[in-house]
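Here the protein sequences come in this chain order: A and B.
Residue numbering for the first sequence follows the working numbering, beginning at 124 and increasing consecutively.
Residue numbering for the second sequence follows the working numbering, beginning at 437 and increasing consecutively.
Note that CB positions come from ideal geometry on N, CA and C, so glycine has one too.
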Amino acid sequence: GAVVSQHPSRVICKSGTSVKIECRSLDFQATTMFWYRQFPKQSLMLMATSNEGSKATYEQGVEKDKFLINHASLTLSTLTVTSAHPEDSSFYICSARDRERLGYTFGSGTRLTVV
Amino acid sequence: GDSVTQMEGPVTLSEEAFLTINCTYTATGYPSLFWYVQYPGEGLQLLLKATKADDKGSNKGFEATYRKETTSFHLEKGSVQVSDSAVYFCALSEPEAGTALIFGKGTTLSVSS
Chain A
124 GAVVSQHPSR VICKSGTSVK IECRSLDFQA TTMFWYRQFP KQSLMLMATS
174 NEGSKATYEQ GVEKDKFLIN HASLTLSTLT VTSAHPEDSS FYICSARDRE
224 RLGYTFGSGT RLTVV
Chain B
437 GDSVTQMEGP VTLSEEAFLT INCTYTATGY PSLFWYVQYP GEGLQLLLKA
487 TKADDKGSNK GFEATYRKET TSFHLEKGSV QVSDSAVYFC ALSEPEAGTA
537 LIFGKGTTLS VSS
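Structure representation (structure tokens):
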């Protein structure tokens with residue numbers, strides 16, 4: 124079945140540094156990638172939608188200069204948290220939409236801790 | 437806009453008990469409906485889905501029927517196991533390709549032996 128590989132699974136970084144999270148669709152072409160953020164014991168909050176080769180669309184309240192999304196190919200999307208602060212600590216999950224099967228496949232998530 | 441409402445948790449059951457997690461939705465069109473499961477520290481896994489009214493999705497003993505008349509997609513399992521302990525999310529997608537899933541708030545299920 125469809126698989127999305129998300130890396131790293133856990134990362135600890137110092138305040139002020141940047142962190143890049145990668146999501147790759149391994150066996151299908153993902154024309155659309157979604158990035159979510161999940162706080163403890165809460166649901167997933169959609170941050171942005173990215174289509175291959177075009178700029179990401181950010182949800183209201185999400186800082187596009189802080190959360191940089193790149194979707195340069197049909198199999199890779201990246202989220203870079205720039206100048207991270209402790210309040211950015213969270214669980215980030217990507218989801219890829221399979222163009223042919225019209226399904227959604229999720230990555231395994233990245234636990235970001237900013238110290 | 438479209439939305440999903442699911443019952444508040446946590447739901448605590450003994451092994452082999454019957455499970456129901458209620459989910460209702462609001463949508464202007466004819467959405468596809470999903471149940472996802474999330475184990476601690478992991479991403480989401482698709483449990484089952486239904487794409488049109490009266491469809492029944494099923495997987496691993498779990499079932500849910502797309503009820504258009506009641507705008508519901510309740511999750512059921514006849515006999516839960518300890519390994520079913522997880523967070524369950526009901527979700528919908530709008531018919532147009534490329535739009536994100538809309539999630540309910542999630543229901544935590546805890547099954548004890």
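### Task
Would you identify the three-state DSSP class for B:V516, choosing helix, strand or coil?
coil
### Query
Would you say B:L484 and B:W471 are within 8 Å of each other, going by their C-beta atoms?
yes
### Message
Let me see if you follow: with CB-CB separation under 8 Å, is B:A536 close to chain A or not?
### Response
yes
### Query
From B:G497, B:K541, B:A522 and B:S548, pick the residue whose C-alpha is nearest to that of B:S439; which is it?
B:K541
### Message
Looking at the secondary structure, which residues open and close the beta strand (DSSP E) in which A:V238 lies?
### Response
Premise fails: A:V238 is in no beta strand (DSSP E) and is neither H nor E.
### Task
Please list the partners that A:S148 has in chain B, where partner means a Cβ-to-Cβ separation under 7 Å.
Under the 7 Å cutoff, chain B gives no residues; its nearest Cβ is about 14 Å from A:S148.
### Query
Thinking C-alpha only, which one of A:M168, A:G230, A:S177 and A:S148 is nearest B:A527?
A:M168
### Task
Would you decide whether B:Y502 is buried or exposed? Buried here means 16 or more other CB atoms lie within 10 Å of its CB.
buried
#### Entry: For B:E530, the three-state DSSP class (helix, strand or coil)
coil
### Task
Determine the closest residue to A:H130 out of A:V238, A:T205, A:S200 and A:H208, with distance taken between C-alpha atoms.
A:S200
### Query
Rounded C-beta distance between B:S521 and B:S546? I'm assuming under 8 Å.
5 Å
### Task
Could you work out which residue in A:S231, A:T233 and A:Y227 is closest to A:A125 when comparing CA atoms only?
A:Y227
### Query
Under a CB-based cut-off of 8 Å, is B:E530 close to chain A?
no
### Message
Between which residues of its own chain and B:P446 is the CB-CB distance below 6 Å, once the five residues before and five after are set aside?
### Response
T544 and S546
#### Entry: Residue from A:G230, A:L202 and A:H208 whose Cα sits closest to the Cα of A:K143
A:L202
### Task
Determine which residues share a DSSP beta bridge with B:K485 and list them.
B:F470
### Query
Do B:H510 and B:T462 come within 8 Å of each other at the CB atom, strictly closer than that value?
no
### Task
Give the single residue among B:C459, B:T441, B:P467 and B:P476 whose Cα lies nearest to the Cα of B:V523.
B:P476
### Query
With DSSP run on the structure shown, which of helix, strand or coil describes A:D150?
coil
### Task
Could you check what DSSP says for A:E210 in three-state terms: helix, strand or coil?
helix
#### Entry: Alpha-carbon to alpha-carbon, A:G176 and A:S196
7 Å
### Message
Please confirm whether B:K496 has its beta-carbon closer than 8 Å to some beta-carbon of chain A.
### Response
no
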